[in-house]
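Asker: With the working numbering as the guide, the letters of the sequence shown map in order to residues 309 to 706.
Ideal Cβ positions, reconstructed from N, Cα and C, are used throughout, including at glycine.
The structure presented is a predicted model; accordingly, all values stated were derived computationally and were not measured.
One structure, pasted below without further comment.
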Amino acid sequence: MQSESQIPIAAATKRRFAVSLAVFYSAFFAVLGTHVPFFPVWLKAIGIDAVWIGIIAALPAITRFTTLPQVTAFAEKRQAIRAAIMVSALATAIGFTMVGLQQQPLALFLVYALTCTMWTPTMPLTDAYALRGVARYGLDYGPLRLWGSAAFAAGSLACGYLVGIIAPRDLIWVIVAWAVVAVAASLLLQPLDDLRHRTPERHAGKPLLRDATFWAVIASAALIQSSHIAFYTFSAINWQLQGISGLTIAVLWTLGIVAEIVVFALSPRFSLQPSTLIAIGGVIAVLRWIVTASEPPLALLAIAQLGHGFSFGLTIVGTMNLLAQRVSSHQIARGQGYYAACNGLLGAATSIASGAIYARIGDNVYYVMAAMAAAGAILIWSARHRLTAQPQSEASGG
309 MQSESQIPIA AATKRRFAVS LAVFYSAFFA VLGTHVPFFP VWLKAIGIDA
359 VWIGIIAALP AITRFTTLPQ VTAFAEKRQA IRAAIMVSAL ATAIGFTMVG
409 LQQQPLALFL VYALTCTMWT PTMPLTDAYA LRGVARYGLD YGPLRLWGSA
459 AFAAGSLACG YLVGIIAPRD LIWVIVAWAV VAVAASLLLQ PLDDLRHRTP
509 ERHAGKPLLR DATFWAVIAS AALIQSSHIA FYTFSAINWQ LQGISGLTIA
559 VLWTLGIVAE IVVFALSPRF SLQPSTLIAI GGVIAVLRWI VTASEPPLAL
609 LAIAQLGHGF SFGLTIVGTM NLLAQRVSSH QIARGQGYYA ACNGLLGAAT
659 SIASGAIYAR IGDNVYYVMA AMAAAGAILI WSARHRLTAQ PQSEASGG
């Protein structure tokens with residue numbers, strides 16, 4: 309049986325898929341780039357107190373390991389991943405519009421919870437759609453995904469610029485505007501083959517959860533990615549205490565995103581096994597957090613920030629390539645849902661724990677994050693021989 313990448317494909321069809329996916333990644337990550345830094349600012353501006361802000365901000369992580377796997381599994385069972393992305397994008401735009409009309413904490417909490425239920429599955433659904441297209445058209449994931457990283461940076465910078473122009477109470481409408489752009493971009497996504505006629509249903513579901521190598525992939529990736537949580541939460545606070553200016557902090561963050569984009573762009577040239585890429589990402593994360601914990605001079609800190617391309621970007625590239633190899637197309641959305649759930653659960657637990665640890669030992673919390681990344685690197689390295697043997701294929705059906 310021919311693999312999907314061996315089926316003759318018109319160059320124009322392949323190009324339309326790649327362009328439409330890049331456009332949607334850009335629009336979706338622009339929403340993230342405005343939401344992540346500025347949604348709490350908006351909450352504070354409308355009078356929500358710190359306790360409620362903390363509770364509300366936890367909702368995306370909670371939905372990632374509660375409702376998200378059910379949404380992705382349902383979309384896959386119905387063979388409607390592309391349609392689910394469109395519905396999710398539309399529901400997100402409507403949801404954020406309704407959020408913007410709320411003023412009371414409890415009402416805002418409830419509306420935002422419903423919004424997150426439909427919003428958080430968008431990323432794993434899009435990655436599942438992307439990996440199906442990667443297999444179908446013989447493309448590379450990294451060059452498609454880099455447009456999301458670029459849009460995240462651009463969205464953050466644009467919203468940061470607008471903060472000086474519009475009232476903080478109006479920031480929610482910037483998020484809504486990008487969400488509407490994402491709805492329009494979702495309509496451009498190209499249909500993919502209906503796998504119902506090519507893959508047997510008997511393979512769907514539980515076998516994926518019984519695959520120890522699948523768990524090794526998602527657990528190691530989650531450990532390495534969650535080791536970034538303390539950095540995301542406390543880096544700016546620490547750097548300000550060290551006397552680093554706000555502009556310099558913005559430049560340091562931008563260095564990390566640029567490095568990430570470069571890694572995604574160059575990823576088709578990588579010849580190492582995906583498991584090795586993840587292990588390298590974990591080792592670089594260990595070194596990065598050890599350096600960051602030591603309050604290094606600015607030049608060394610900038611080099612550590614460039615390590616984000618490896619600790620974050622290379623880990624993603626390796627993870628997506630492994631999932632593409634190990635998980636058959638008719639289970640890829642389910643696999644992405646489980647990966648997002650694992651990431652969300654560990655990320656939420658790490659966020660809570662890192663806050664308590666930071667309160668006791670300050671920036672030495674990075675040593676704990678280094679230990680997490682090391683555990684992820686060791687796990688994937690110990691499983692590398694099983695991961696390179698007998699990868700799943702369409703013919704095997706999973």
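Does DSSP put T374 in a helix, a strand or coil?
Answerer: coil
Asker: How should R672 be labelled, buried or exposed, when 16 other C-beta atoms within 10 angstroms of its C-beta is the threshold for buried?
Answerer: The sequence shown places Asn at residue 672, rather than the Arg named in the question. Classification for N672: exposed.
Asker: Can the beta-carbon of A369 be found closer than 7 Å to that of G655?
Answerer: yes
Asker: Does DSSP put H536 in a helix, a strand or coil?
Answerer: In the structure shown, H536 falls within a coil segment according to DSSP collapsed to helix, strand and coil.
Asker: Exposed or buried, H693, counting other C-beta atoms within 10 Å across all chains shown (16 or more means buried)?
Answerer: exposed
Asker: Are the Cβ atoms of L622 and G589 separated by less than 7 Å?
Answerer: yes
Asker: Would you report the Cα separation of G707 and V442, rounded to the nearest angstrom?
Answerer: The chain is shown only over 309 to 706; residue 707 falls outside these bounds and no answer can be derived.
Asker: Apply the 10 Å Cβ neighbour rule to A520 and answer buried if 16 or more other Cβ atoms are within range, or exposed otherwise.
Answerer: exposed
Asker: Can you tell me where the alpha helix (DSSP H) holding I291 begins and where it ends?
Answerer: A query on residue 291 cannot be resolved here, the shown segment of the chain reaching from 309 to 706 and no further.
Asker: Should K514 be labelled buried (16 or more other beta-carbon atoms within 10 Å of its own) or exposed?
Answerer: Confidence at K514 is low in this model, with a pLDDT of 49, below 50, so its placement is unreliable and the value that follows should be read with caution. K514 is classed as exposed because its beta carbon has fewer than 16 other beta carbons within 10 Å across all chains shown.
Asker: Taking DSSP as the reference, what is the three-state secondary structure of R634?
Answerer: helix
Asker: Please classify P281 as buried or exposed, where buried requires at least 16 neighbouring CB atoms within 10 angstroms.
Answerer: Outside the shown range of the chain (309 to 706) lies residue 281, about which nothing can therefore be said.
Asker: CB A459 to CB A338, shorter than 7 Å?
Answerer: yes
Asker: May I have a chain-ordered list of the beta strand (DSSP E) segments no shorter than 3 residues that lie completely inside the stretch 637–686?
Answerer: none
Asker: What is the DSSP secondary structure of A388, counted as helix, strand or coil?
Answerer: coil
Asker: Short of 6 Å in beta carbon distance, which residues of its chain neighbour G684, apart from the five on each side in sequence? Order them along the chain.
Answerer: S528, L531, I532, G590
Asker: Where do the ends of the alpha helix (DSSP H) carrying P499 lie?
Answerer: From DSSP, P499 is part of no alpha helix (DSSP H); its letter is neither H nor E.
Asker: Report yes if the C-beta distance between I483 and T342 is below 7 Å; otherwise report no.
Answerer: yes
Asker: Going by beta carbon distance, what residues of the same chain come within less than 7 Å of A487, once the five residues before and after it are set aside?
Answerer: V339, T400, A401, F404
Asker: So is D357 buried or exposed if we call it buried at 16+ other beta carbons inside 10 Å?
Answerer: exposed
Asker: Report yes or no: do three or more beta-carbon pairs, one from the stretch 637–645 and one from the stretch 537–547, lie closer than 8 Å?
Answerer: no
Asker: Since P336 and A462 should fall inside the 8 Å C-beta cutoff, what is the C-beta to C-beta distance between them, to a whole number of angstroms?
Answerer: According to the sequence as given, residue 336 is Phe; it is not Pro. Actually they are not in contact, since the Cβ atoms of F336 and A462 sit about 13 Å apart, beyond 8 Å.
Asker: CB L496 to CB V331, shorter than 7 Å?
Answerer: In this structure, L496 lies near V331, with their beta-carbon atoms less than 7 Å apart.
Asker: Could you check the C-alpha separation between W689 and L631 for me, to the nearest Å?
Answerer: Straight-line spacing of the CA atoms in W689 and L631 works out to 16 Å.
Asker: What's the call for A319, buried or exposed, on a 16-neighbour Cβ count within 10 Å?
Answerer: exposed
Asker: Do the CB positions of P345 and S494 come within less than 7 Å of each other?
Answerer: no
Asker: Considering only C-alpha positions, which residue in the set I611, I586, P605 is nearest to L687?
Answerer: I586
Asker: W360 and P413: beta carbons closer than 7 Å?
Answerer: yes
Asker: Should Q633 and D435 be called a contact, given that it needs their Cβ atoms to be closer than 7 Å?
Answerer: no
Asker: Whose C-beta lies closer than 8 Å to the C-beta of A391 among residues of the same chain, with five residues either side of it excluded?
Answerer: A383
Asker: Just the C-alpha distance for A691 and W523, rounded to the nearest angstrom, thanks.
Answerer: For A691 and W523, the distance between alpha carbons rounds to 10 Å.
Asker: Relative to the C-alpha of F620, which candidate in I569, L416, L653, A365 has its C-alpha closest?
Answerer: I569
Asker: Please say whether F417 and I364 have beta carbons closer to each other than 7 Å?
Answerer: Taking 7 Å as the Cβ cut-off, I364 and F417 qualify as a contacting pair.
Asker: Among Y540, V571, S575, S534, which residue has its Cα nearest to the Cα of A558?
Answerer: Y540
Asker: With a cut-off of 8 Å on the beta carbons, I'd call A682 and V566 a contact; round off their distance for me.
Answerer: For A682 against V566, the beta-carbon gap comes to about 26 Å, at or over 8 Å, which does not count as contact.
Asker: So, I537 versus S457, is the Cβ gap smaller than 7 Å?
Answerer: Going by C-beta atoms, I537 is not nearer than 7 Å to S457.
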